[in-house]
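One structure is given here, and the rest of the page talks about it.
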Amino acid sequence: MSQWLAKVIDRASTVKDSLSPVRQTALATLSEQSWPTRRTEAWRYTSLHEVAELELQQPSANANAEAPVIAGLNSIDLVFVDAQPVTDIAKLTLPAGVSINALNDADSQASRVFNQAKPSHHLFGLVNDVLAQQGLVVDVAAGAQVEQPIRIVNFVTDGVESHHRVLVNVGDNAKVTVIEHGAGNGHSMNTAYAEYVLGKESKLEHYRFAMHGENAIHMGGSHFKMGESSRLNSTIVGYGSRLTRIDTDVIHAAEHAFAKMNCIYLLAPKEHFDLHTTIEHAKPNGTSEENARGIVGDKAKAVFNGRIHIHRDAQKTLAELNNRNLLLSRGGQINTKPELEIYADDVQCAHGATVAEIAEKELYYLQTRGIPRSQALVMLNFGFVQELVNQMPNKALSEWLQPLLRERFSAMETK
Amino acid sequence: MMLTIKDLQASVEEKTIIKGLNLTINPGEVHAIMGPNGAGKSTLGYVLSGREGYEVESGSIQFENQDLLEMEVDERARAGIFLAFQYPVEIPGVSNMEFMKESVNAARKERGEEPLSAAEFLKTAKAACKQVNLPLDFLKRGVNEGFSGGEKKRNEIMQMILLQPKLCILDESDSGLDIDALKVVADGVNSQRDGERSFLVVTHYQRLLDYIQPDYVHILADGKIVKSGGPELAKEVEVSGYAWLEGHEEASA
Ligand SMILES: Nc1ncnc2c1ncn2[C@@H]1O[C@H](COP(=O)(O)OP(=O)(O)OP(=O)(O)O)[C@@H](O)[C@H]1O
Ligand SMILES: [Mg+2]
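Heads up: the sequence lines are chains A and G, in that order.
Heads up: the first sequence is residues 8 to 422, going by the numbering used here.
Heads up: the second sequence is residues 149 to 401, going by the numbering used here.
Here it is as structure tokens:
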């Protein structure tokens, strides 16, 4: 066990709220964990030695910040700084069928969702289980068709360690959009986990933006428990930061669920990004489509591990997983691994992973039309990511993201 | 002079493909190049465009008053050379619209003109789209992404119309086209003939040349121009093919 983890366990005993009973189970599991090394499968390509020795401060209570303006988004904004709430929930006007409570508000009945979608094997998920006192519980009533997106923004700041938790319950036949937006920089470490329980025939449009700066350490996950015939459309956008690790789980806990997940990562030079995704097809007739695409700058490192687990009962499952990477220089590194475990015989499962370097033929074509090589490089390489940005159902978000990512990319190119 | 190629010898992968080629094109002229498969017609286009991997071993290429061989691919394009590809490449993810806007604006920048706004460009692009008979939604699709063979060819002609080059090299822009599309492509080309703009039209079929009347027809075989003449030469080829080449090469050897 690391020095840091020992302190986490110490601090956990001081956390007392309505979730305490469920936190106890997590604490017991966490106490049995050994600190990951390079020989630990889930951390093979990501070293935690920096985390092991972290000594950061707890967040201070009176922070202030505003959510980034996104033209045309018109969202309900819930802002946090180092997981501390800035927005007064009581003052929000919420759409019909939506209720939002602070995680530590006993009325929120957070335990209904807590650890319902997130498996217990994520080390930092367990840390979040025992330490996260701040966050939200969002309830969308059965049948509610919520058009206004709910946006949860969490800024990190220099010198601070923080833990944030979001729990969302989407009622039967309900429809909602939730955006988890992490931003900020400074030598910081935060964990941010979100769980979603999707009711029968519900629809969730989900976004996770992990846009932390080059000094931040970010550990988090988004986890989904799919109800019968529910639909998930999720987009995850990650910067590398000093170290970003994101775990996602989609659990097909009932039949006929459909999950689409697009992941985009753009790593500036020297950044580190690790994405582990798992799709659990536990029931028949489920569909999952996952596309992860990333661009890796000089001396940056990307890790992608895409696991699909089709249980013996999960006949007629359709699962697709694809990972495409572009290395901008030989100095960058990509470790990509699909992990398929298929125990049912009547399924269709396709997967693929590619690592490309600059495509000379396409570059040439653009150049024959007068476009300078440097510009053509940006057009080509961004296009491959843009495809996924364009697939985002929310146009205000894709229009906001497009230039942001393009700018980030051109900065990587002309370093 | 628009283009002067002298004693050009060029190779791909260390294999010599163009073996001493001479060609002069004046402003406003239309030259057709015919010749058997593998003769080096596409290679000539690539060499003119400046494609990487196509080594010029000897000879010279003068474009207007510039030494073409000293220029990068994109510089040549901005100087006014346009190559319509035999097999245009698909680029999913870059929209046709964005692609063409950037290329038109690169040409404008070269001429010292202001870039076109999205709205201005859209107007021009719509007109060009109509001219080659492609539905407007082709502007939104990825460059050539999922286009049929004929649609790709029309997309190339649309780019030519938008870019207003000085020398247009059309590499089999007629192959794989149905009769109507062939007419569309030919009309597109003819609309650009203004007495100044020159064309180098690579084709296997006399049919295209019925629509686009060439000033000269050249037969390219084994990396050289082995025969040149007027439009009647294309008709000869249509009737008797290239069997006579064997004898010709022996005779010239
Ligand atoms: N990359 C390459 N490596 C080796 N040989 C090549 C390469 N590219 C072209 N060639 C060869 O060069 C020769 C000329 O090819 P080119 O494509 O120019 O012919 P073409 O006259 O355009 O034929 P077609 O009428 O079939 O289009 C062919 O024999 C071809 O196989
Ligand atoms: Mg050819």
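Where is the CB? At the ideal position from N, CA and C, for every residue including glycine.
Buried/exposed call for residue i, threshold 16 Cβ in 10 Å
i	result
Ser209 (chain A)	buried
Val178 (chain G)	buried
Lys402 (chain A)	exposed
His283 (chain A)	buried
Ser251 (chain G)	buried
Thr94 (chain A)	buried
Gly298 (chain G)	buried
Asp68 (chain A)	The sequence given here places Ala at residue 68 (chain A); Asp does not occur at that position. Flag for Ala68 (chain A) reads exposed.
His56 (chain A)	exposed
Ser388 (chain G)	exposed
Ser20 (chain A)	exposed
Asn122 (chain A)	buried
His263 (chain A)	buried
Asn338 (chain G)	exposed
Leu5 (chain A)	Beyond the ends of chain A as shown, which are 8 and 422, falls residue 5 (chain A); an answer cannot be given.
Asn292 (chain G)	buried
Gly336 (chain G)	buried
Asn71 (chain A)	exposed
Val350 (chain G)	buried
Glu369 (chain A)	buried
Under the three-state DSSP convention, the category residue i falls into
i	result
Lys300 (chain G)	helix
Val337 (chain G)	helix
Ile77 (chain A)	coil
Met218 (chain A)	strand
Glu327 (chain A)	strand
Glu235 (chain A)	coil
Met268 (chain A)	strand
Arg252 (chain A)	strand
Pro345 (chain A)	strand
Ser190 (chain G)	helix
Lys422 (chain A)	In this prediction, Lys422 (chain A) has a pLDDT of 38, which is less than 50 and means its spatial position is unreliable; nothing more can be read from the coordinates.
Ser400 (chain G)	Caution applies to Ser400 (chain G), whose pLDDT of 43 falls short of 50 and renders its modelled position unreliable; the model cannot decide the point.
Arg172 (chain A)	strand
Lys383 (chain G)	helix
Gly371 (chain G)	coil
Arg380 (chain A)	helix
Asp326 (chain G)	coil
Leu34 (chain A)	helix
CB contact flag (residue i, residue j, <8 Å)
i	j	result
Asp319 (chain G)	Ala232 (chain G)	yes
His219 (chain A)	Thr198 (chain A)	no
Ala261 (chain A)	Met233 (chain A)	yes
Leu163 (chain A)	Ser195 (chain A)	Note on residue identity: the sequence assigns Val, not Leu, to residue 163 (chain A). Contact: yes.
Arg376 (chain A)	Tyr350 (chain A)	no
Tyr359 (chain G)	Lys331 (chain G)	yes
Phe462 (chain G)	Leu373 (chain A)	With chain G covering only 149 through 401, there is no way to say anything about residue 462 (chain G).
Gly104 (chain A)	Val167 (chain A)	no
Asn269 (chain A)	Thr242 (chain A)	yes
Leu239 (chain A)	His213 (chain A)	yes
Tyr390 (chain G)	Gly378 (chain G)	no
Ile378 (chain A)	Ala254 (chain G)	yes
Interface residues of chain D facing residue i [CB-CB closer than 8 Å]
i	result
Met386 (chain A)	Of the protein chains in the structure, A and G, none is chain D.
Residue i to residue j span [Cα, whole Å]
i	j	result
Ala217 (chain A)	Val244 (chain A)	6 Å
Phe286 (chain G)	Asn244 (chain G)	7 Å
Val204 (chain A)	Asp353 (chain A)	27 Å
Ala201 (chain A)	Val134 (chain A)	13 Å
Gln398 (chain A)	Ile107 (chain A)	28 Å
Lys187 (chain A)	Arg215 (chain A)	Here residue 187 (chain A) turns out to be Glu, not Lys, going by the sequence shown. Looking at the two C-alpha atoms, the distance is approximately 5 Å.
Ser208 (chain G)	Leu282 (chain G)	39 Å
Ile373 (chain G)	Glu205 (chain G)	18 Å
Trp50 (chain A)	Asn342 (chain A)	12 Å
Glu394 (chain G)	Tyr272 (chain A)	59 Å
His171 (chain A)	Val160 (chain G)	60 Å
Met149 (chain G)	Asp222 (chain G)	22 Å
Gln40 (chain A)	Arg30 (chain A)	15 Å
Asn388 (chain A)	Arg289 (chain G)	17 Å
Residue i: CB within 7 Å of a non-hydrogen atom of ligand 3
i	result
Asp256 (chain A)	Although ligand 3 was asked about, the structure shown includes only ligand 1 and ligand 2 as ligands.
Assess, as a yes-or-no matter, whether the stretch 343-351 of chain G is touched by the stretch 161-181 of chain G under the definition of 3 or more beta carbon pairs within less than 8 Å.
-> yes
At a cut of 8 Å, does the stretch 256-273 of chain G reach the stretch 318-336 of chain G through at least three beta carbon pairs?
-> no
Do the stretch 158-168 of chain G and the stretch 293-300 of chain A meet, that is, are 3 or more Cβ pairs less than 8 Å apart?
-> no
Is the stretch 270-289 of chain G in contact with the stretch 307-319 of chain G, if contact means three or more CB pairs nearer than 8 Å?
-> yes
Three or more C-beta pairs below 8 Å linking the stretch 337-345 of chain A and the stretch 301-312 of chain A = yes
Does the stretch 172-179 of chain A come within contact of the stretch 129-147 of chain A, defined as at least 3 CB pairs closer than 8 Å?
-> yes
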